[in-house]
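Residue numbers (the working numbering), protein chains in the order written: chain A, -12 to 201; chain B, -12 to 201.
Protein chains: 2
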Amino acid sequence: MEFESPKMSRLPTIRRLPAYLRVLRQLQGEAWEHVSGTYLAEQLSLDPVQVRKDLTITGIVGTPRVGFMVDDTVAAIEAFLGWQNATEAFLVGVGNLGTALLGYAGFERHGLKIVAAFDADPAKIDVEIHGKPVYPLEKIADLAARLRVRMGILTVPEIAAQAVADRLVVAGITAIWNFTPVALKTPGGVVVQNEDLSCGLAVLSAKLRNADGS
Amino acid sequence: MEFESPKMSRLPTIRRLPAYLRVLRQLQGEAWEHVSGTYLAEQLSLDPVQVRKDLTITGIVGTPRVGFMVDDTVAAIEAFLGWQNATEAFLVGVGNLGTALLGYAGFERHGLKIVAAFDADPAKIDVEIHGKPVYPLEKIADLAARLRVRMGILTVPEIAAQAVADRLVVAGITAIWNFTPVALKTPGGVVVQNEDLSCGLAVLSAKLRNADGS
DNA sequence: TCAATATCGATATTTTTTTATCTATTATAG
DNA sequence: CTATAATAGATAAAAAAATATCGATATTGA
């Protein structure tokens, strides 16, 4: 017999949780008490069975003929993702994309708080961008240790990606949100989430070519 | 017996194609003639069998003991994705993220050319951002028809997402790259690719919580 | 109280994706 | 010219995910 690990992978499920959360928060604003999986499914163009199955990963249970308690479900998803209290993060690479992410207020609703940014370009140092201070790369290790920051957001040019990632790892960063297209090599124990825009563009291109190509 | 459609879905495969392309282009720069699936797999931390299987979707064939012709493989992937000649696109919503995307030069290597931007805010109209003109939303339909643009990049605030998407569809746009977290309702025949950052953040959060939580 | 219905949760089935195994081919070395 | 090793490609197996089915339960209205 095999013990059930409290959480197997279920990556597709995890990717859908923020969508549930978004709808649920809106319902909170409208003072709903309960919501059915069927309703969530309709809002998100998903299958009701899939919604219910996804929600089980958080441990929440619904009641027949009633649905799920809205507040409890929000709490369960947030707890599952660790979004109740914000994770502090560094952002490295204050280019177009890095600047945009620094200015995105929505992260705070997603348990993420960017506390400092870093860049190799001296011209960008010591100015604040969207209220966040920008430091030279050399300060990463020192600040990471002092502020106990463990997450890094990587928005540097492709050519610098691996070197900066190495620097983050040395500084004790254990989670990297990688916006470069580079497949980073990191030691075990460091988790990396790749966010390569070209993947999505490829899917869209393929769909488009297939939709009108034939 | 069942006919093989020339391309079944194979979405995960399609998402990996840009990564192969990136490595292959680098090899082109170093004047490699051939490359083995094994080498590509190493570079991208993938399984060699998966690489070979993925590449078959493009129709490219390799030769034993040699591998794949680099130039031919690049051409095959680009042809499969329709990236040989650029698709022209509109971008709607010139906020932080929209501005960043307007400034991203890499799209041109991915068969995408943003030809115009749109925004609801009068203060943003009639200025160029990263060399791209910004027009009011009202001009979408007219310009889409005249320039025969079929792809729209959606970077508006969540609250405006569905309305703007509707406007794009009316204007004849058939492909929407959706950077809002909204599950858009669109008529059949319109392809939508969602690029919700919070999905990736959720995965990273779950991995992180799981890595040190236990 | 009782029947009807909406809804959850569990189980089963199908589909998709990944991984493994095996065979055939071809460049290279002897 | 032959043996060997690296590699593609096909087939099969395993794992993961999506989808369907069914029984149980709680609310509603008669």
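Cβ atoms here follow ideal geometry from the backbone N, Cα and C, with glycine treated the same way.
Predicted model only: the values in this text are computed from it and were never measured.
Secondary structure of residue i, DSSP reduced to three states
{"i": "Pro168 (chain A)", "result": "coil"}
{"i": "Tyr122 (chain A)", "result": "strand"}
{"i": "Val79 (chain A)", "result": "strand"}
{"i": "Asp129 (chain A)", "result": "helix"}
{"i": "Glu(-9) (chain B)", "result": "No answer about Glu(-9) (chain B) holds up, because its pLDDT of 39 lies below 50 and its placement is not dependable."}
{"i": "Leu33 (chain B)", "result": "coil"}
{"i": "Gly93 (chain B)", "result": "helix"}
{"i": "Ala189 (chain A)", "result": "helix"}
{"i": "Glu17 (chain B)", "result": "coil"}
{"i": "Gly85 (chain A)", "result": "helix"}
{"i": "Ala110 (chain B)", "result": "helix"}
{"i": "Ile44 (chain B)", "result": "coil"}
{"i": "Ala152 (chain B)", "result": "helix"}
{"i": "Ala147 (chain A)", "result": "helix"}
Selected residue, minimal CA-CA separation from residue i, among the options
{"i": "Trp70 (chain A)", "options": "A:Thr50, A:Leu42, A:Lys100", "result": "A:Lys100"}
{"i": "Ala175 (chain B)", "options": "B:Gly54, B:Thr43, B:Val156", "result": "Correcting the residue type first, residue 175 (chain B) is Gly in the shown sequence and not Ala. Here the closest residue by C-alpha is B:Val156."}
{"i": "Arg137 (chain B)", "options": "B:Ala104, B:Ala162, B:Leu124", "result": "B:Ala162"}
{"i": "Gln149 (chain B)", "options": "B:Gln15, B:Val190, B:Gly80, B:Val102", "result": "B:Gly80"}
{"i": "Thr74 (chain A)", "options": "A:Ala18, A:Ala189, A:Glu95", "result": "A:Glu95"}
{"i": "Gln180 (chain B)", "options": "B:Tyr122, B:Ala170, B:Val151", "result": "B:Ala170"}
{"i": "Leu31 (chain B)", "options": "A:Arg39, A:Lys172, A:Lys194", "result": "A:Lys172"}
{"i": "Val177 (chain A)", "options": "A:Arg(-3), A:Ala189, A:Ile160, A:Glu17", "result": "A:Ile160"}
{"i": "Ala107 (chain A)", "options": "A:Leu130, A:Val151, A:Lys194", "result": "A:Val151"}
{"i": "Leu33 (chain B)", "options": "B:Tyr122, B:Tyr7, B:His97, B:Phe55", "result": "B:Tyr7"}
{"i": "Val121 (chain A)", "options": "A:Asp129, A:His21, A:Val102", "result": "A:Val102"}
{"i": "Lys126 (chain B)", "options": "B:Arg154, B:Ala110, B:Ile140", "result": "B:Arg154"}
{"i": "Leu207 (chain A)", "options": "B:Ala18, B:His21, B:Gly93, B:Glu29", "result": "Since the first and last residues shown for chain A are -12 and 201, residue 207 (chain A) lies out of range."}
{"i": "His117 (chain B)", "options": "B:Val190, B:Leu89, B:Arg(-3)", "result": "B:Leu89"}
{"i": "Pro16 (chain B)", "options": "B:Val36, B:Gln37, B:Val57, B:Ser23", "result": "What sits at residue 16 (chain B) in the sequence shown is Gly, not Pro. When each option's Cα is compared against that of Gly16 (chain B), the closest is B:Val57."}
{"i": "Pro(-1) (chain A)", "options": "A:Leu78, A:Glu115, A:Ser23, A:Gln37", "result": "A:Gln37"}
{"i": "Leu78 (chain B)", "options": "B:Ala62, B:Leu124, B:Ile44, B:Pro35", "result": "B:Leu124"}
{"i": "Leu195 (chain A)", "options": "B:Phe166, B:Gly139, B:Ser185", "result": "B:Gly139"}
{"i": "Leu11 (chain B)", "options": "B:Ala63, B:Asn83, B:Val190", "result": "B:Ala63"}
{"i": "Ile112 (chain A)", "options": "A:Tyr91, A:Ser(-4), A:Gly82, A:Ala128", "result": "A:Gly82"}
{"i": "Ile44 (chain B)", "options": "B:Leu134, B:Pro35, B:Arg(-3), B:Glu29", "result": "B:Arg(-3)"}
{"i": "Pro51 (chain A)", "options": "A:Pro35, A:Lys40, A:Asn197, A:Ser23", "result": "A:Ser23"}
Cβ separation of residue i and residue j, assumed to be a contact under 8 Å, to the nearest whole Å
{"i": "Leu4 (chain B)", "j": "Leu68 (chain B)", "result": "6 Å"}
{"i": "Lys119 (chain B)", "j": "Ala104 (chain B)", "result": "5 Å"}
{"i": "Thr60 (chain B)", "j": "Leu42 (chain B)", "result": "7 Å"}
{"i": "Phe55 (chain A)", "j": "Gly46 (chain A)", "result": "No, Phe55 (chain A) and Gly46 (chain A) are not in contact; Cβ-Cβ is about 12 Å, not under 8 Å."}
{"i": "Trp164 (chain B)", "j": "Leu130 (chain B)", "result": "In fact, because the Cβ distance is near 18 Å, the residues do not count as touching under 8 Å."}
{"i": "His21 (chain B)", "j": "Val53 (chain B)", "result": "5 Å"}
{"i": "Ala198 (chain B)", "j": "Ala87 (chain A)", "result": "With 8 Å as the limit, Ala198 (chain B) and Ala87 (chain A) do not qualify as a contact, their Cβ atoms being about 28 Å apart."}
Residue i - partner residues in DSSP beta bridges
{"i": "Gln180 (chain B)", "result": "B:Trp164"}
{"i": "Val22 (chain A)", "result": "A:Phe55"}
{"i": "Thr50 (chain B)", "result": "B:Gly54"}
{"i": "Gly139 (chain A)", "result": "A:Phe77, A:Ile163"}
{"i": "Phe105 (chain B)", "result": "B:Val79, B:Tyr122"}
{"i": "Glu115 (chain A)", "result": "A:Pro120"}
{"i": "Lys100 (chain B)", "result": "B:Glu75"}
Local Cβ density within 10 Å of residue i, reported as buried at 16 or more and exposed below that
{"i": "Glu65 (chain B)", "result": "buried"}
{"i": "Ile1 (chain A)", "result": "buried"}
{"i": "Gln13 (chain B)", "result": "exposed"}
{"i": "Asp183 (chain B)", "result": "buried"}
{"i": "Ile146 (chain A)", "result": "exposed"}
{"i": "Arg9 (chain A)", "result": "buried"}
{"i": "Ala76 (chain B)", "result": "buried"}
{"i": "Gly85 (chain A)", "result": "buried"}
{"i": "Val143 (chain B)", "result": "buried"}
{"i": "Ala110 (chain A)", "result": "exposed"}
{"i": "Ser192 (chain B)", "result": "buried"}
{"i": "Pro168 (chain A)", "result": "buried"}
{"i": "Val114 (chain A)", "result": "exposed"}
{"i": "Asn72 (chain A)", "result": "exposed"}
{"i": "Ala18 (chain B)", "result": "exposed"}
heavy atom of the ligand ADP below 7 Å from residue i C-beta
{"i": "Ile64 (chain A)", "result": "Annotation note on the ligand ADP: not contained in the displayed structure, which lists no ligands."}
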